[in-house]
Each structure stands twice: as structure tokens, then as C-alpha cells.
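Numbering (mature numbering (1 follows the signal peptide of the UniProt record, and there is no 0)), first residue to last: -18 to -1, 1 to 319.
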């Protein structure tokens, strides 16, 4: 009887320990059902743990990490490279031991140390270009967005969105300005503000406007292309003379969370060729792992392949952080009047 009670106590204790083996991650709200099937559920079976998934917009997620710096409630986060750099500058994320990432050498070089100091690792790239109605307009340049032919039928991203700074960069490039000073571009957008249908904050909002035929051209991230490609309307992805903009989302580990080994295990799994392939084939994210091989049909929906990735125009995350406040101030004064 005594042995039975002891055995039962051990079983209960073991179950309690298993239940306590949890990893809390902060992620984009995008495609969570698909992520559950392709990533979360398979990982939980491998690690024998529970994943706690927290979503929200970037501002909310960043604020939660900062507010709980002394006793982290988030173990790992996937965020933009500029947001990762912001956290790193505040001492809120840990330097990564890349020797614990078995497929690290398979990542595109740009993804291996995207913000410096091994404070983050890239897991997906995205291209940005202009989606347009090919039966109504032909897009040859980013400058077409502010042309007379699109007046009253174009939408631009708000400056505070991911696409905002990328659009400024490409409009500047189209005007011959590659100095990194985007104030002339913001002024130019301000002069054309009455010709712009809306300054959108979400790709879903834009898709609705384009499907209602209120907008016929706008900058779009490749991750949202499927919304337009599946439409009965004849949308096309532009290949402007200046090229495509691009960006990267990265993984970071919060400093002092006490759950580092489990976080490394998820990072390693997420970056593996197997999982990056599965996520890409589900059209969730574009792979940062160079060994991923995709069919032409799948690749057409993603930012895929060395030739494309190496050609992307990417803003240095430090430039975005150091300039963002000034951009927003000028935007509010000259564009959102």
C-alpha cells in the first residue's frame, strides 16, 4: 500500500512537472490556425511541452516585453528587425548562442545576424512591390503611385506601418534621391494627399478597397499577395524599374527569462529545412533557409530564392529607428492635415 501511494505521488509530480514545461512566445496574429498545424502542434509533440501563444500588434507586444523586463512573461518573440533592434538597445533581449541552431549555416547571410551582436536571427523575408489592376493601368515605376494617371485611385500605407518606410525608400529612389533623407518624399506625398483614397494600416483593409474597385494600385507586402491573386479581378504584381523593397522578420529571446533551452529548441526547429519548407508550402511565410526547395506554383506566392532576396532594397533597421520619430512628426504635419 505504501509503495502504491509513493508511485502515485511520483506520477502526479511527474505530470505536474510536464504541465509546468511551457514556452510563452509572442507572435504576429497573422495565420495562427495555419501556424498551429505546421509548427505549434508538431513542436509540442517533440518537446513534450505546452506552447502559450500571445498575439497583438507590434506596439502592444513590445510594451509587454518592456513592462515585464525584471520578470519576463514572454520567453521568445518574432518581430520586425527594427523592433528587435529597439529591444536590444534597451537591453531586453539576450545574445544568441548560434551553435545551438543546427541549421544556422543554411540561413541566407542577411538572416544570420540582422541587427548585429547576434541579438536576433532572421526566419523569413518579404518583398514589397505594387499590386495593380492590369486591365486599367500599367505600373513601370514607384513614381507612378503619385502620377496623374492614378489620382483618386491609389492608396498608400500609413507611415507607422511596416510598408510605410519601405514605400518612402522606393519613392525616394524613383526620384533619384538615395541619400536616406525622406523628408522631400513626405512633402511630395503631402502635396498629393487629396489624390490618395486612404492611408491604410492593414493589408486586409486594402484588399477590401481594391476588391470594391475603389483603389486600383497600392504598395503591398508579398505575404499578402494571395489575397489579391485569388480575386476574380485581374490584379498583377509590379516589377518596377527601381526594383522591389524588402524586409525581414526575426526571432529574439528575452533577457533573463529562465526558459532559454526550450526557446533554443523552438528556434532550432523553426529554422530547420523541414519546418521552413512546411511553412512555405502552406503559404504562411517565405523561407530564410537556403536549402528549402519549392515548386514554381508555391514560390510564385512567396519571397523565394537567392536572386530575388539578394536584389531586395532593404532599409537598415538602425536608420528606421533613428529617423522614425522625425518621419511621423513631418507626416502628421504635412500629410495628415
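Glycine included, C-beta positions come from ideal geometry on N, C-alpha and C. If you're wondering where the values come from, they're calculated on a predicted model, not measured in any experiment.
Under the three-state DSSP convention, the category residue i falls into
i           : result
residue 314 : helix
residue 21  : helix
residue 179 : strand
residue 105 : strand
residue 336 : Beyond the ends of the chain as shown, which are -18 and 319, falls residue 336; an answer cannot be given.
residue -7  : Confidence in residue -7 is poor, its pLDDT being 42 and thus under 50, which makes the residue's placement unreliable; the coordinate value appears in the next sentence. Of the three classes helix, strand and coil, the one that applies to residue -7 here is helix, per DSSP.
residue 152 : helix
residue 284 : coil
residue 136 : strand
residue 199 : strand
residue 302 : helix
residue 323 : There is no way to answer for residue 323, as the model of the chain reaches only from -18 to 319.
residue 193 : helix
residue 214 : coil
residue 99  : coil
residue 184 : coil
residue 246 : helix
residue 119 : coil
residue 290 : helix
residue 169 : helix
residue 307 : helix
residue 320 : Outside the displayed range of the chain (-18 to 319) lies residue 320, so it cannot be described from this structure.
residue 131 : helix
residue 84  : coil
residue 208 : helix
residue 157 : coil
residue 277 : coil
residue -12 : With a pLDDT of only 45 at residue -12, under 50, the local geometry of the prediction cannot be trusted, and the value read off the model is given with reservation. Residue -12 falls in the helix class under three-state DSSP.
Chain-order list of residues whose beta-carbon lies under 6 Å from that of residue i (same chain, five-residue window excluded)
i           : result
residue 259 : 274
residue 239 : 54 and 57
residue 233 : 60, 103, 105 and 249
residue 205 : 108
residue 290 : none
residue 6   : 34, 56 and 57
residue 36  : 8
residue 11  : 37
residue 22  : 33
residue 280 : 263
residue 285 : 107, 108, 109, 204 and 268
residue 150 : 164 and 167
residue 3   : 31
residue 127 : 136
Per DSSP, cross-strand counterpart(s) of residue i
i           : result
residue 219 : 113
residue 253 : Partner(s): none; residue 253 has no beta bridge.
residue 37  : 9
residue 296 : 228
residue 236 : 75
residue 4   : 32
residue 271 : 89
Cut-off 8 Å between Cβ atoms - residues of its own chain near residue i, not counting five sequence neighbours on either side
i           : result
residue 317 : 141, 168, 171, 172, 175 and 181
residue 198 : 114, 115, 118, 119, 132, 135, 136 and 192
residue 144 : 62, 203 and 229
residue 83  : 103, 246, 249, 250 and 253
residue 310 : 141 and 142
residue 179 : 134, 135, 136, 137, 191, 196 and 197
residue 166 : 154, 157 and 159
residue 96  : 63, 66, 102, 103, 104, 230, 232 and 299
residue 303 : 64, 67, 68 and 71
residue 47  : 8, 54, 56, 59, 69, 74 and 236
residue 125 : 153, 156 and 157
residue 89  : 103, 104, 253, 270, 271 and 272
Same chain, Cβ closer than 7 Å to residue i, five either side skipped, listed in chain order
i           : result
residue 65  : 40 and 44
residue 79  : none
residue 324 : In this structure the chain extends from -18 to 319, so residue 324 is not present and cannot be described.
residue 223 : 122 and 123
residue 26  : 32 and 33
residue 100 : 77, 78 and 80
- How do the stretch 187 to 203 and the stretch 243 to 255 stand: do at least 3 beta-carbon pairs fall below 8 Å, yes or no? no
Notebook entry, point to check: Do three or more CB pairs link the stretch 207 to 224 to the stretch 132 to 139 at distances below 8 Å?
Noted result: no
Cβ contact (3+ pairs, closer than 8 Å) linking the stretch 223 to 238 and the stretch 289 to 303 = yes
Could I get the ranges of all uninterrupted alpha helix (DSSP H) runs contained in the stretch 27 to 79, with 4 residues as the minimum, in chain order? 40 to 49 and 63 to 71
Quick check: the stretch 154 to 163 against the stretch 260 to 270, are there 3 or more CB pairs under 8 Å? no
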